[in-house]
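Student: Provided herewith is a single structure, encoded as structure tokens, for subsequent inquiry.
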Amino acid sequence: MTAKMNKVSPLLELQHVRISPNKMPSRMLVNDVSFSIDAGRTTCVVGESGSGKSLTALSVMGLLSKQLQMTSGKILFNDSGFGVQDLSTLDEGGLRKIRGAKIAMIFQEPMTSLNPVLTVGYQIGESITVHLGLKGDALKVKIASLLEMVGISPSRFNSYPDELSGGQRQRVMIAMSIACEPRLLIADEPTTALDVTVQAQILKLLDELKTRMNMGMLFITHDFGVVADIADNVVVMFRGEVVESGTKDDVLGNPQHPYTKALLDCVPDAEGKKPLRPIDYAWLKENQAV
Amino acid sequence: MSNIILQANHLVKTYTQRSGKFGFGTTQVKALDDVSVSLIEGKTLAVVGESGSGKSTLARCLLQLQPLDSGEVLFTNQGIPQDLAKLSGNDLRSIRKNLQMVFQDPFASLNPRMRVGEIVGEGLLIHEIGKASERQQKVIAMLKRVGLAEADMQKYPHEFSGGQRQRVGIARALVMQPKVVVCDEPVSALDVSIQAQILLLLKELQAEMSLSYVFISHDLRVVRHIADDIVVMNGGKVVEQGKVEDIYQYPQHEYTQNLLTAIPGKKYSSGKKAVNA
Chain E
1 MTAKMNKVSP LLELQHVRIS PNKMPSRMLV NDVSFSIDAG RTTCVVGESG
51 SGKSLTALSV MGLLSKQLQM TSGKILFNDS GFGVQDLSTL DEGGLRKIRG
101 AKIAMIFQEP MTSLNPVLTV GYQIGESITV HLGLKGDALK VKIASLLEMV
151 GISPSRFNSY PDELSGGQRQ RVMIAMSIAC EPRLLIADEP TTALDVTVQA
201 QILKLLDELK TRMNMGMLFI THDFGVVADI ADNVVVMFRG EVVESGTKDD
251 VLGNPQHPYT KALLDCVPDA EGKKPLRPID YAWLKENQAV
Chain P
1 MSNIILQANH LVKTYTQRSG KFGFGTTQVK ALDDVSVSLI EGKTLAVVGE
51 SGSGKSTLAR CLLQLQPLDS GEVLFTNQGI PQDLAKLSGN DLRSIRKNLQ
101 MVFQDPFASL NPRMRVGEIV GEGLLIHEIG KASERQQKVI AMLKRVGLAE
151 ADMQKYPHEF SGGQRQRVGI ARALVMQPKV VVCDEPVSAL DVSIQAQILL
201 LLKELQAEMS LSYVFISHDL RVVRHIADDI VVMNGGKVVE QGKVEDIYQY
251 PQHEYTQNLL TAIPGKKYSS GKKAVNA
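So, in structure tokens, the structure goes:
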């Protein structure tokens, strides 16, 4: 970064995003959510199921289901060289230029995201051809280097997804997502379906790639252990709202909001020293915490 | 003084898998390779391992839901050990009320066409325990004990959340007043806050009903909280077993050490201590 860029706006900034069902505009599934992500940093969005964390991620990509709409707010994406644009105002054509090229996404279950009848090499190549126009030998070289980058032998080029393990499939998904060197990577529970040792490897890989490519990362998870491993910043969501956000050390080490504290209290620790305490929703409500 | 209630000796189970082009070949997969474990009465034995380690096969073989290739499963009831693997038909069926299972997926393990009252009461009906009115009283008491209401008897599984369905699954297992409960990843599909509720419920019920648990899990943080003894499995073999504290503090086998270092957030919490403050 150069000195004159010191007033630089964040890579991605969500401002007051609200999402509701078309048929019930008064029901806020995501209510007034604001946070930002800087290049080369990871922001983790944590919450229970139904907290709106996945919807928030999908809205960035313009992938909300047709029954839902973003009723207000801005999603500002700072695309170096092209200035800041509001993704929520783009049409499908504009979004298509950004998806896969500037913002990429990986999902929880790699098998459902991969096409079972195409080789992994072909699938990685698809978006490179579409966005970068590479073909022939140049494309093959690029795919091989991507496979190597995510820790899969390039000889796996012609393998089909069912010939790979869960961890390898997720590595293929990561290779696909970073193929066009995106500025932002959205990862929606990418390690939830994996074994712990594989999870640790994938988290390490994502963290290395983030630093190497100076990518911003929006990481959705429900696991505070994963947050502790990978986050720079943390956003805690509950029933569609952000209850607390800040740096990892602040949120995990010195949580301010009663809900964050309660959520941390029900995470079992590996030492077995801390008694488990489930969240007392009634208490939270009585004390008008949420 | 500790009595062993369930003892498995030298269990072997092999699956035959189709392989090769168009599945014309076959390969043998050893899901259990000379596995021996023992469950102490009133305690919790955790079986941990990654996918494919054979832990779920072990759970199913302990209850004879799957036939063993060889080995014996000794269940001690009223002081008399019996080899479950040798029992068949009616004998096995009548002893099974002492051995119950709680499944991982509360969405798949409850019949969507049955009311909760029927689901929980079905075991009592099959084993012809008590009169209809007594059975109903037992079902109501059990539902209340796991945190559900009497009115929930009339509802169908889809009307409940994941955590509530798991409570139904627990009620179904415990209404039989079993001795041994095998829990196969009972909290893996649940949110962390619900997970804490269910773990505490399982612990309370264990103390009240003096249950012995076999607790299958891949999550070493959960196991640390619920287990007394632990068995670490890899590739169908037991690589290490012992007291929970010992295994967590002084893991001997390289595989156990890898599993423990891979626990997410561990470096952070041990380096900072702050995460659990």
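So the sequence lines, in the order shown, correspond to chains E and P.
When you line the first sequence up against our numbering, it's residues 1 to 290, in that order.
When you line the second sequence up against our numbering, it's residues 1 to 277, in that order.
Ideal placement from N, C-alpha and C gives every residue a C-beta, glycine not left out.
Kindly identify the DSSP beta-bridge partner or partners of residue 99 of chain E.
Tutor: Answer is E:103.
Student: Give me the chain P residues within the contact set of residue 222 of chain E, using Cβ-Cβ distance strictly less than 7 Å, ordered along the chain.
Tutor: Ordered by position in chain P, the residues that pass the 7 Å Cβ test against residue 222 of chain E are 191, 192.
Student: Could you check the C-alpha separation between residue 15 of chain P and residue 59 of chain P for me, to the nearest Å?
Tutor: Taking the straight line joining both Cα atoms gives about 15 Å.
Student: Any idea if residue 91 of chain E is buried or exposed, counting beta-carbon neighbours within 10 angstroms, 16 or more meaning buried?
Tutor: With fewer than 16 other Cβ atoms within 10 Å, it is exposed.
Student: Residues of chain E with CB under 9 Å from residue 29 of chain P, in chain order?
Tutor: None at all; the shortest Cβ gap to chain E is about 15 Å.
Student: Report the CB separation of residue 196 of chain P from residue 278 of chain E in whole angstroms; it is logged as a contact under 8 Å.
Tutor: That pair is a contact at about 4 Å.
Student: From residue 7 of chain P to residue 224 of chain P, what distance separates their C-alpha atoms?
Tutor: So the two alpha carbons sit approximately 22 Å from each other.
Student: Counting only beta-carbon separations shorter than 8 Å, does residue 10 of chain E have a partner in chain P?
Tutor: It does not; no Cβ of chain P falls within 8 Å.
Student: Check whether the Cβ atoms of residue 360 of chain E and residue 168 of chain E sit closer than 8 Å, and answer yes or no.
Tutor: Absent from the structure is residue 360 of chain E, since the part of chain E shown begins at 1 and ends at 290.
Student: What residues in its chain sit with their C-beta under 8 Å from that of residue 262 of chain E, if we drop five residues either side in the sequence?
Tutor: 277, 279, 280, 284.
Student: Mapping the DSSP letters down to three states, classify residue 74 of chain E as helix, strand or coil.
Tutor: Residue 74 of chain E: strand per DSSP, three-state reduction.
Student: Can you give the Cα-Cα distance for residue 236 of chain E and residue 247 of chain E, rounded to whole angstroms?
Tutor: Each residue's alpha carbon lies about 11 Å from the other.
Student: Could you tell me whether any Cβ in chain E is nearer than 8 Å to the Cβ of residue 80 of chain P?
Tutor: Cβ-Cβ to chain E under 8 Å: no for residue 80 of chain P.
Student: Who pairs with residue 213 of chain P in a beta bridge, going by DSSP?
Tutor: Partner(s): P:44, P:181.
Student: With 9 Å as the limit, tell me which residues of the region 167–192 of chain E have their beta carbon closer than that to any beta carbon of chain P; keep them in chain order.
Tutor: The residues in question are 191.
Student: If we define contact as Cβ-Cβ less than 8 Å, is residue 59 of chain P a contact residue for chain E?
Tutor: No, its Cβ sits nowhere closer than 8 Å to a Cβ of chain E.
Student: Go to residue 252 of chain E, then tell me how far its alpha helix (DSSP H) extends in each direction, as first and last residue.
Tutor: Where residue 252 of chain E is concerned, there is no enclosing alpha helix (DSSP H), given that its DSSP letter is neither H nor E.
Student: How should residue 250 of chain P be labelled, buried or exposed, when 16 other C-beta atoms within 10 angstroms of its C-beta is the threshold for buried?
Tutor: Exposed, because fewer than 16 other Cβ atoms sit within 10 Å of the Cβ of residue 250 of chain P.
Student: Measure from the C-beta of residue 217 of chain P to each C-beta in chain E and report whether the shortest distance is under 8 Å.
Tutor: No - not a single Cβ of chain E is within 8 Å of the one on residue 217 of chain P.
Student: Sort out for me which residues DSSP pairs residue 35 of chain E with in a bridge.
Tutor: According to DSSP, residue 35 of chain E bridges with E:14.
Student: Apart from the five residues on each side of it in sequence, which residues of its chain come closer than 8 Å, Cβ to Cβ, to residue 243 of chain P?
Tutor: Answer for residue 243 of chain P: 228, 229, 230, listed in chain order.
Student: Return helix, strand or coil for residue 228 of chain P, following the three-state DSSP convention.
Tutor: Here residue 228 of chain P sits in coil by DSSP.
Student: Determine whether the Cβ of residue 196 of chain E lies closer than 8 Å to any Cβ atom of chain P.
Tutor: Answer yes: the Cβ-Cβ gap between residue 196 of chain E and chain P drops below 8 Å somewhere.
Student: I want to verify the contact list: residues of chain E whose CB lies under 7 Å from the CB of residue 268 of chain P, in sequence order.
Tutor: Chain E residues near residue 268 of chain P: 228, 229.
Student: Would you check if there are 3 or more beta carbon pairs closer than 8 Å linking the region 90–108 of chain P to the region 162–182 of chain P?
Tutor: They touch, by the three-pair rule.
Student: Does the region 82–96 of chain E come into contact with the region 140–148 of chain E, if we say contact requires no fewer than three beta-carbon pairs (one atom in each stretch) closer than 8 Å?
Tutor: Contact between the region 82–96 of chain E and the region 140–148 of chain E is absent, because fewer than three Cβ pairs lie under 8 Å.
Student: With 16 other CB atoms within 10 Å as the buried threshold, where does residue 55 of chain P fall?
Tutor: Buried is the call here.
Student: Indicate the three-state DSSP secondary structure (helix, strand or coil) for residue 261 of chain E in the structure shown.
Tutor: In this structure, residue 261 of chain E counts as helix in the three-state DSSP scheme.
Student: Do you know how far the Cα of residue 121 of chain P is from the Cα of residue 136 of chain P?
Tutor: Whole-angstrom Cα-Cα distance: 7 Å.
Student: Please work out which residues of its chain come closer than 7 Å, Cβ to Cβ, to residue 111 of chain P, disregarding the five sequence neighbours upstream and downstream, and give them in chain order.
Tutor: Only 119 meet the Cβ criterion.
Student: With 16 as the cutoff for other CB atoms within 10 Å, does residue 50 of chain P come out buried or exposed?
Tutor: Residue 50 of chain P should be labelled buried.
Student: Hey, how far is the Cα of residue 189 of chain E from the Cα of residue 48 of chain P?
Tutor: Going from the Cα of residue 189 of chain E to the Cα of residue 48 of chain P covers about 22 Å.
Student: Hey, is residue 18 of chain P's beta-carbon within less than 8 Å of any beta-carbon in chain E?
Tutor: Judged by the 8 Å Cβ criterion, residue 18 of chain P is not in contact with chain E.
Student: Below 8 Å between beta carbons: does that hold for residue 230 of chain E and residue 42 of chain E?
Tutor: Yes; because the gap between Cβ atoms is below 8 Å, this pair is in contact.
Student: Give me, in chain order, the residues of the same chain whose beta-carbon lies closer than 7 Å to that of residue 113 of chain E; leave out the 5 immediate sequence neighbours on both sides.
Tutor: The answer, listed in chain order, is 107, 173.
Student: I'd like to know whether the C-beta atoms of residue 209 of chain E and residue 60 of chain E end up nearer to each other than 8 Å.
Tutor: Contact: no.
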